[in-house]
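A short write-up of the structure that comes next.
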Amino acid sequence: MKKIIISLLILIFGGVYVPTAFTYQNSISGNDIVFFDAIDPKTSQPIGGYTTADQFYTDAKSNQAPSDPIEDTPFVIPNNCTRLQHSGDPTNRLDIVFVPVHQYGEVGSDSKFAQDVSIFIQEFKDFPQMSDNMDKMNFYRIDSLNFSDGCMAYQQNPVCDRDMIIDIVSQCPGFNLDNNDQIVILFDQETVPVSYSRAEPDYNMAYLQSSAPYLMMHEFGHSFAGLGDEYNSGYPASVDPWFPNCASETPGFTCDDKWGSQMDSTVGCYEVCGATNWYRPTFSDSVMKNVFLDHFCPISTEVVDRLLSIYRDQKPMPVSIEFSAPNHIIR
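Rendered as structure tokens:
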């Protein structure tokens, strides 16, 4: 399982609804991160930030209503894993499993959930780097809502017990977090009023609202490759960037240190990579900055290509991505 050791600033956002738990500044450290991404309806620009999973799930459980349970015990349900695209042995392919939040109301081949999954899979096919690697991917859909009691609404946003979700997707043949297989949890925008999607790289999970398929590849960049946001959060960080596509002015973390050998007319060192005092490789040429693009920047493309290269007609080596940063205190 990927591990990201971090010390970071919880960022303040504006323009859209965000949970109150994230609208303050604090100094925290942890080894499990949650990304938040949304489109500001006033400007149509991406906004978001980070917090630790411990903070997020602790706040969620402490604020849950009795009618919105979340459990710590594993859920075992009958096999309801539907294969949608098969390119080869699941033990040496990138297996991507779509899971419904219970507000969908129904599942199966004729359900809205099934239609939404097809739309999100099309996002992979329309992304050239992914379409060139379709022979390395298997797609699955969980056609069951029996686990709905393991999810809850936290400030109008779905939160599911992660061990439970892993139990559910483990029904799908060959699914293995150590092989960087991915989980996409969809929630129905018509029944769950929510303003952001999120990614949890340490568990290979992405939560996406059904009305925002355009965020699929951005969240995939977080959960699959450990990429950082490149748009402007509006706030600085006092740690060095652990993401492969972000740099700082600290020796060992500079643009020259990270991608100096690849600097050319398209790759450089541009101010702001999430944090205002970090730097990104391109001015705006990445889905991690502009969620409506169909490509990563050259630096991120190389990272994703390296990870995809392990999927071939033999059992892949376990994937481990570790980005470490000193345990600095932030502001």
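Counting in my numbering, the sequence shown runs from 1 upward without gaps. C-beta atoms are modelled at their ideal positions from N, C-alpha and C, and glycine is treated no differently. These numbers come from a predicted model, not from an experiment.
DSSP-derived helix/strand/coil call for residue i
i	result
GLN103	helix
ALA114	helix
TYR214	helix
LEU227	coil
PHE220	helix
ILE121	helix
ARG312	strand
ASP305	helix
PHE22	Note on PHE22: pLDDT 29, under 50, position unreliable in the model; no value is reported.
ILE28	Legend: pLDDT at ILE28 = 29, less than 50; position of this residue unreliable, value from coordinates given subsequently. Note: ILE28 maps to strand in three-state DSSP.
PRO66	In this predicted model, PRO66 has a pLDDT of only 39, less than 50, meaning its place in the structure is not dependable enough to derive any value.
Same chain, Cβ closer than 6 Å to residue i, neighbours up to 5 away in sequence not counted
i	result
TYR104	PHE113 and ASP188
HIS86	ASN138
VAL169	VAL97, PHE175 and ILE183
CYS341	Because the chain spans 1 through 331 in this model, residue 341 falls outside it and cannot be assessed.
GLU249	none
ILE185	VAL99 and TYR207
ILE121	PHE139
PRO90	ASN138, PRO173 and GLY174
PRO316	Low confidence applies to PRO316: its pLDDT is 49, below 50, so where it sits in the model is not reliable enough to give any reading.
VAL303	ALA225 and PRO244
ALA199	PHE35, ALA206, GLU219, HIS222 and SER223
ASN232	VAL272
Beta-carbon proximity check, residue i vs residue j, cutoff 8 Å
i	j	result
ASP181	LEU84	no
LYS136	TYR270	no
PHE243	GLY268	no
GLY234	THR276	yes
CYS297	ASP305	no
GLY274	CYS255	no
ASP116	SER197	no
GLN129	THR301	yes
PHE118	LYS125	Note that residue 118 corresponds to Ser in the displayed sequence, not to Phe. For SER118 and LYS125, no; Cβs fall outside 8 Å.
ARG212	TRP278	This sequence places Ala at residue 212; Arg is not what is there. No, these two residues do not count as a Cβ contact at 8 Å.
Bridge partners - residue i, DSSP secondary structure assignment
i	result
GLU200	MET205
GLN85	PHE139
LEU334	Given a span of 1 to 331 for the chain in the structure shown, any question on residue 334 remains unanswerable.
Neighbourhood of residue i by C-beta distance below 8 Å, restricted to the same chain and skipping five residues each side
i	result
GLY108	ALA114 and ASP143
LEU293	ASP285, SER286 and VAL287
PRO251	ASP257
PRO158	VAL101, GLN103, CYS151, MET152, ILE185, PHE187, VAL192, VAL194 and TYR207
GLU106	LYS112, PHE113 and LEU145
GLY221	LEU227, VAL287, MET288, PHE296, SER300 and VAL304
Proximity test, residue i beta-carbon vs the ligand ZN heavy atom, cut-off 7 Å
i	result
GLN103	Annotation note on the ligand ZN: not contained in the displayed structure, which lists no ligands.
Cβ neighbours of residue i in the same chain (closer than 7 Å, five flanking residues each side left out)
i	result
ASN204	LEU177, ASN180, ASP181, GLN182, ILE183 and SER223
THR73	For THR73, the pLDDT reaches just 35, beneath the cut-off of 50, and the residue's location in the model is therefore unreliable, although a value from the coordinates is still provided. Excluding residues within five positions, none has a Cβ falling inside 7 Å.
MET1	Any reading at MET1 must be qualified, since the residue scores a pLDDT of 44, below 50, and its modelled position is unreliable; no value is offered.
GLU230	ASN245, CYS273, GLY274, ARG280, SER286, MET288 and LYS289
LEU307	ASN180, PHE224, ALA225 and VAL319
MET217	GLU123, PHE127 and VAL287
PRO241	GLY228, ALA247, SER248, PHE253, CYS273 and TRP278
LEU215	ASP37, SER197, LEU208 and VAL291
Next on the checklist: Quick check for students: name the residue ranges of the beta strand (DSSP E) that lie wholly in the region 231 to 301, counting only runs of 3 or more.
Outcome noted: 270 to 273 and 275 to 280
Checklist entry - Mind pulling the beta strand (DSSP E) runs of 3 or more residues that sit fully within the region 130 to 186? => result 137 to 142, 151 to 154 and 157 to 160
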